[in-house]
Ligand SMILES: [Fe+2]
Ligand SMILES: [Fe+2]
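In the numbering used here, the protein residues as written are 543 to 878.
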């Protein structure tokens, strides 16, 4: 049965900017397995902030690469389709978190969003599911919260402060304050923006207890709780989350694999948050970071945890670059 959004929304929610058209176009392009790297790069190149963010991510220290990416196409090739989709949608979503990033009380909302997205993709990867869709769904699961805090920053900050230490009461407090909670607000925004039905379902059901088949909804439900467990909760929980309860819906082998790698996932989340906050800080000022041909004018940011960087995020782009190097070497050898 399709999930229906309530028609009674707080007035200012109508005024928040539409989901960027470039992100919507990317969603459909990236869903189409036939889309070429150049058509995806051409779409991204229409948005300077997105382009700049993607190039910086491709050149970041934790990204395996053989040469510097100097334009969007090279960045897309280096990152691969899935990572390009993750980064592009996160940059697009971060626009709604601009207010949150500047407020001590609201900042955990954005951190939780990024943490849930990355935890969902890591979990999907370890459980044999395609990681890009769960990442996108994780990124958008709390879009209603980002929408409410973007439309009513002062009021949402007060609601968050009142619910501090009582996370279970936050949904009820949202309803008292705004007439709707962030699940209903998210559902309404998702319908308004024509987001895919698979994401609408995640938004509608992310506060249900994970159970049953391991699909995108269950993965995001678990990832949302895992984000809390790793310290990226929206507000302080009264008692620490119980890992056994969180992972109960996972198969035994996946639970063991994920449990052994939680520290690595936590570090990866911390890096992802730093990156997107950097993009948002640059994006909220001068949007013209990038010149037309895709070259950036700034040095890449300094990255912490340089000695602990994960090496798992290989990509099609890296594979292509490696093949190109091998091919060039073979040509040189034959010519000698
Ligand atoms: Fe939520
Ligand atoms: Fe969540």
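All C-beta atoms, glycine included, are put in the ideal place defined by N, C-alpha and C. Please read all numbers here as calculations on a predicted model, not as lab measurements.
Spatial neighbours of residue i in its chain, beta-carbon cut-off 8 Å, leaving aside the 5 residues before and after
| i | result |
| --- | --- |
| residue 553 | none |
| residue 797 | 789 |
| residue 573 | 738 |
DSSP three-state assignment for residue i, whether helix, strand or coil
| i | result |
| --- | --- |
| residue 576 | coil |
| residue 604 | coil |
| residue 613 | coil |
| residue 551 | coil |
| residue 711 | helix |
| residue 902 | Here the chain has residues from 543 to 878 only, and residue 902 is not among them. |
| residue 741 | helix |
| residue 676 | helix |
| residue 734 | helix |
| residue 642 | helix |
| residue 785 | helix |
| residue 558 | coil |
| residue 794 | helix |
| residue 809 | helix |
| residue 753 | coil |
| residue 830 | Caution applies to residue 830, whose pLDDT of 28 falls short of 50 and renders its modelled position unreliable; the value that the coordinates give is listed next. Residue 830 falls in the coil class under three-state DSSP. |
| residue 546 | coil |
| residue 724 | helix |
| residue 589 | coil |
| residue 775 | coil |
Same chain, Cβ closer than 7 Å to residue i, five either side skipped, listed in chain order
| i | result |
| --- | --- |
| residue 699 | 645, 647, 648 |
| residue 771 | 783, 785, 788 |
| residue 819 | 643 |
| residue 705 | 711, 712, 715, 777 |
Opening and closing residue of the alpha helix (DSSP H) in which residue i lies
| i | result |
| --- | --- |
| residue 698 | 695 to 704 |
| residue 758 | 758 to 771 |
| residue 649 | 649 to 668 |
Exposure label - residue i; buried when at least 16 CB within 10 Å
| i | result |
| --- | --- |
| residue 813 | buried |
| residue 714 | exposed |
| residue 793 | exposed |
| residue 669 | buried |
| residue 760 | buried |
| residue 559 | exposed |
Residue i Cβ short of 7 Å to ligand 2 heavy atom set
| i | result |
| --- | --- |
| residue 658 | yes |
| residue 683 | yes |
| residue 654 | yes |
| residue 766 | yes |
| residue 748 | yes |
Contacting residues, own chain, Cβ-Cβ under 6 Å from residue i (five flanking each side not counted)
| i | result |
| --- | --- |
| residue 776 | 650, 651, 654 |
| residue 577 | 571 |
| residue 673 | 663, 666, 667 |
| residue 634 | 562, 565 |
| residue 799 | 668 |
8 Å Cβ cutoff, residue i in contact with chain D
| i | result |
| --- | --- |
| residue 703 | No chain D appears in this structure, which consists of one protein chain only. |
Contact test: residue i Cβ vs ligand 1 heavy atom, cutoff 7 Å
| i | result |
| --- | --- |
| residue 714 | no |
| residue 612 | no |
| residue 687 | yes |
Contact test: residue i Cβ vs ligand 3 heavy atom, cutoff 7 Å
| i | result |
| --- | --- |
| residue 654 | Ligands displayed in this structure: ligand 1 and ligand 2; ligand 3 is not among them. |
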